[in-house]
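My numbering applies: residue 41 is where the sequence shown begins, and numbers increase by one.
Every residue gets a Cβ at the ideal spot worked out from N, C-alpha and C, and that includes glycine.
In this text the structure is predicted, and so the values were computed from the model without any measurement.
Below you'll find the structure, written out as structure tokens, and then a few comments.
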Amino acid sequence: MTPTRRQKIEAMLTDDPDDIFLRYSLALELENEGEWQAGLDILETLARGTPPYVPAFQMAAQHLVKHERPDEARACLREGIEAARSQGMSHAAAEMAEMLMGLGAVGEG
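The following block contains the structure:
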């Protein structure tokens, strides 16, 4: 039996558990398989790393929106924009700002 994409990623992570891209890829695979909370947990861990992994913020926000948690998505995007700007990633910051605007200001306190 041919290993699944997830199994291949997990095998590579056994050899290199700190590989950020592999961990990000596993989070996406978990989402694809319906294990979105497990994927979201990985994305949140990556977003809180040193330095924060900027793509994780936007992907986490997309997962949150998909699962009807827009307030958490907005908070995630705000953090992501800040992280992107601090790392000089203006394009990523602009993409997340656009997504944030698309969600509107509902839930801001």
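- Here Ile49 is buried, its C-beta having at least 16 other C-beta atoms within 10 Å.
- Assigned with DSSP and collapsed to three states, His107 falls in coil, not helix or strand.
- Exclusion of the five residues before and after Leu70 leaves Ala78, Gly79 as the residues of its chain whose Cβ lies within less than 6 Å of its Cβ.
- By the criterion of a C-beta distance shorter than 6 Å, Arg125 is surrounded in its chain by Ala133, once the five residues flanking it on both sides are discounted.
- When C-alpha distances from Ala87 are compared across Lys106, Asp111, Ile121, the shortest belongs to Ile121.
- The beta carbons of Arg63 and Ile82 sit closer together than 7 Å.
- Nearest C-alpha to Arg118 among Asp55, Gly128, Ala101: Ala101.
- Looking at the backbone, the Cα of Pro92 and that of Ala123 are separated by about 7 Å.
- Taking the Cβ atoms as the reference, Met141 lies roughly 14 Å from Gln98, outside the contact range of under 8 Å.
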